[in-house]
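These notes concern the structure reproduced below.
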Amino acid sequence: RDTFAQILLYPVIINLSKEEHNTIIECKDILYKAGYEIDDFDQGRVIVRAAPHYLDETEITDSVIELASYLMDNKNHTLSEKADNILHTTACRAAIKGGNISSTQELIALVQMLEDNPGLRYCPHGRPISTTIKKRDIEKQFGRIQ
1448 RDTFAQILLY PVIINLSKEE HNTIIECKDI LYKAGYEIDD FDQGRVIVRA APHYLDETEI
1508 TDSVIELASY LMDNKNHTLS EKADNILHTT ACRAAIKGGN ISSTQELIAL VQMLEDNPGL
1568 RYCPHGRPIS TTIKKRDIEK QFGRIQ
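First residue of the sequence shown: 1448, per my numbering; consecutive thereafter.
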C-alpha cells in the first residue's frame, strides 16, 4: 500500500458516465500509486476503498470525477505526465482554501513548514503561495505616510 493512502472506514461509491467509469478502471493502477484504491462496483459506478490521507473525505467524489475528466481529455499524455497531474490535482483539492477556518496549531505548523522549506514558493499549478508586504506599504494603507 502506498504511504499516501488511507483506508476509508466507509468506502465511497461514485456514479460515473460510461466513459468516466471505463477511464477510471483503465487507470486504476496509476491512481493506486497516487493513494486511491478504486474498484469497479456495478453499472457505471466505482467504489473508492482508500484515498490520499491528506484529502478531506468530502473531496473524494469530486476529486475522482475531476481526475476522470483529466484522464479522458489527455489520453495521449505519458504515464509520467498523468501521474504528475493526478498528484497536483489531489494536492490542490487538499489545500487550505480561502475562508477555511484553521486552528492556531495548524497555522503555526504551516508557517514552520514554509520556513523549513524555503524552496516551497508555488502551488502545484504554479501560483505563488505567499507574498511579501513591505512595512512602508502597510503604513501607506493606514494613512501613516504618503
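Think of the CB as a built atom: it goes at the ideal place given N, C-alpha and C, for glycine as much as any other residue. None of these values were measured; they are calculated from a predicted model.
Exposed unless 16 or more other CB atoms sit within 10 angstroms - verdict on residue i
{"i": "GLU1484", "result": "buried"}
{"i": "THR1505", "result": "exposed"}
{"i": "CYS1474", "result": "buried"}
{"i": "ILE1445", "result": "Past the edges of the chain, shown from 1448 to 1593, lies residue 1445, and the structure says nothing about it."}
{"i": "THR1579", "result": "exposed"}
{"i": "GLU1467", "result": "buried"}
{"i": "ARG1568", "result": "exposed"}
{"i": "LYS1587", "result": "exposed"}
{"i": "THR1537", "result": "buried"}
{"i": "ARG1540", "result": "buried"}
{"i": "PRO1565", "result": "exposed"}
Residue i (DSSP reduced to helix, strand or coil)
{"i": "GLN1453", "result": "strand"}
{"i": "ILE1555", "result": "helix"}
{"i": "TYR1517", "result": "helix"}
{"i": "TYR1501", "result": "coil"}
{"i": "TYR1479", "result": "helix"}
{"i": "ARG1568", "result": "coil"}
Closest Cα partner of residue i within the set the options
{"i": "ARG1492", "options": "VAL1459, ILE1580, SER1527", "result": "VAL1459"}
{"i": "LEU1502", "options": "ASN1469, ASN1462, ILE1543, CYS1474", "result": "ILE1543"}
{"i": "GLN1453", "options": "ASN1462, CYS1570, VAL1495", "result": "VAL1495"}
{"i": "LEU1478", "options": "LEU1518, ASP1489, ILE1461", "result": "LEU1518"}
Cα-Cα separation between residue i and residue j, rounded to whole angstroms
{"i": "LYS1582", "j": "ILE1592", "result": "11 Å"}
{"i": "LEU1514", "j": "GLY1590", "result": "48 Å"}
{"i": "LEU1455", "j": "ASP1486", "result": "13 Å"}
{"i": "HIS1524", "j": "ILE1585", "result": "46 Å"}
inquiry  = Restricting to runs no shorter than 4 residues, where is the alpha helix (DSSP H) found entirely within the region 1524–1555?
reply    = 1526–1541
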